[in-house]
Amino acid sequence: MDSVFSEEILADKLSKLNGTQQCIETLSHWCIFHRSKAESVVETWDKQFHNSDMLQKVPLLYLANDILQNSKRKGNEFVTEFWKVLPGALKNVVEKGDDRGKNAVSRLVNIWEERKVFGSRARSLKEVILGEDAPPPLELNKKRSRSIKITKRESRSTRTKLPIGGAAEKIVSAFHLVVSEQPNEETEMSNCKSSVRRVRKMEKDVDAACSGNDKDPKRKTLAKELEDEENLLKQSIEKLRSIEASRVALVSLLKEALHEQESELEGVQS
272 MDSVFSEEIL ADKLSKLNGT QQCIETLSHW CIFHRSKAES VVETWDKQFH
322 NSDMLQKVPL LYLANDILQN SKRKGNEFVT EFWKVLPGAL KNVVEKGDDR
372 GKNAVSRLVN IWEERKVFGS RARSLKEVIL GEDAPPPLEL NKKRSRSIKI
422 TKRESRSTRT KLPIGGAAEK IVSAFHLVVS EQPNEETEMS NCKSSVRRVR
472 KMEKDVDAAC SGNDKDPKRK TLAKELEDEE NLLKQSIEKL RSIEASRVAL
522 VSLLKEALHE QESELEGVQS
């Protein structure tokens, strides 16, 4: 990963962005790697967005989505910064874009609302982002940071009572990791089910488009929507595999500890 960051380098990368998933994910990972520069990243993204033609704006929105969803586990820096610029960007596409752009905006906003990317709200996210009023300040940042600090304090206080690197300390660490990932597990399972539901709703439209005229413009739109849903499913599955690996590691440690204790018990009983 390139360790050098500058707004010029990012602007150049953004200008070369295309709509392929690999290109979007590669640049997303680079931006997340430089999350300490989140403010500069988003400011540069916003400048590039408003200087781009409408065709280029949709991949930039998909890039923002990828950064938002994959950076949340490391902190809310990008959530906070993108909240400042996304409403204006989305309204621009809705007001001046074609059907492809408008469909992309609608799909992304629905996904962010379902996945609570910007936290829980009484009003729908669509009303907040696409409404006439300026979006209210995000409150999730302070609440999230307090919970993280408490978790770290509790983790340190627990580890001081256990030998560092010992079996018990490893089990406690693995258990804390599994517990901390539980909300993510529930969210990703929900995301998978939501994607499947959206694809099922599209089945009739896909059948109609496939049985009709080969030049039906809906074919490209539906193909793009299906590709987007496939990519979202892949992302969720990848995260669930990571969560699964944490559980497997915990179970393995517990089995080893159980085997060791059974051996100790046999020694005592004999």
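To convert a position in the sequence shown, counted from 1, into my numbering, add 271.
We put the beta carbon where it would ideally sit given N, CA and C, even for glycine.
Just the Cα atoms here: how many angstroms apart are Thr291 and Ser517? 30 Å
Just tell me which of Glu509, Ser541, Lys491 has its CA closest to the CA of Ala375. Lys491
Whether Leu503 touches Met473 by CB criterion (8 Å): no
Looking at Ile303: is its Cβ nearer than 8 Å to the Cβ of Ser342? Remark: C-beta atoms of Ile303 and Ser342 approach each other more closely than 8 Å.
Does the Cβ of Val388 have 16 or more other Cβ atoms within 10 Å, making it buried, or fewer, making it exposed? buried
Assigned secondary structure, Ser323 (DSSP; H/G/I helix, E/B strand, else coil): coil
Collapsed DSSP secondary structure at Phe353 in the structure displayed: helix
DSSP three-state call for Asn484: helix, strand or coil? When secondary structure is reduced to three states using DSSP, Asn484 falls in the coil class, being assigned neither helix nor strand.
Which one of Lys345, Cys463, Phe349, Gln327 has the shortest CA to CA distance from Asn363? Gln327
What does the Cβ neighbour count give for Gln340, buried or exposed, with the cut at 16 atoms within 10 Å? buried
Note down the Cα distance separating Ile280 from Asn322, rounded to an integer number of angstroms. Computed Cα separation, rounded: 16 Å.
If you compare alpha carbons, which of Leu511, Leu379, Phe353, Pro330 is closest to Lys308? Phe353
With a 10 Å radius around its C-beta and 16 neighbouring C-beta atoms as the bar for buried, classify Glu501 as buried or exposed. Per the 10 Å Cβ criterion, exposed.
Classification of Ser541 by the beta-carbon crowding that lies within 10 angstroms, buried from 16 upward: Flag for Ser541 reads exposed.
I need the DSSP call for Val380, collapsed to helix, strand or coil. Helix.
Give the DSSP-derived three-state secondary structure of Phe446 in the structure shown. helix
Please report how far the alpha carbon of Ala520 lies from the alpha carbon of Ile508, in whole angstroms. 18 Å
Leaving out the 5 sequence neighbours to the left and right, which residues in its chain are closer than 6 Å to Tyr333 when beta-carbon positions are compared? Closer than 6 Å at the Cβ level, and outside the excluded window around Tyr333, lie Ile295.
Arg306 and Lys345: beta carbons closer than 8 Å? yes
Would you call the CB atoms of Trp316 and Leu331 closer than 8 Å? yes
How many whole angstroms separate the CB atoms of Arg512 and Asn462, which I take to be in contact at a CB cut-off of 8 Å? Not a contact, Cβ separation roughly 14 Å.
In whole angstroms, give me the CA-to-CA distance for Phe349 and Glu535. 51 Å
Can you tell me the Cβ-Cβ gap for Ile442 and Leu529, rounded? I've got them flagged as a contact below 8 Å. With 8 Å as the limit, Ile442 and Leu529 do not qualify as a contact, their Cβ atoms being about 11 Å apart.
Applying the criterion that 16 or more other CB atoms from any shown protein chain within 10 Å of the CB defines a buried residue, is Asp337 buried or exposed? buried
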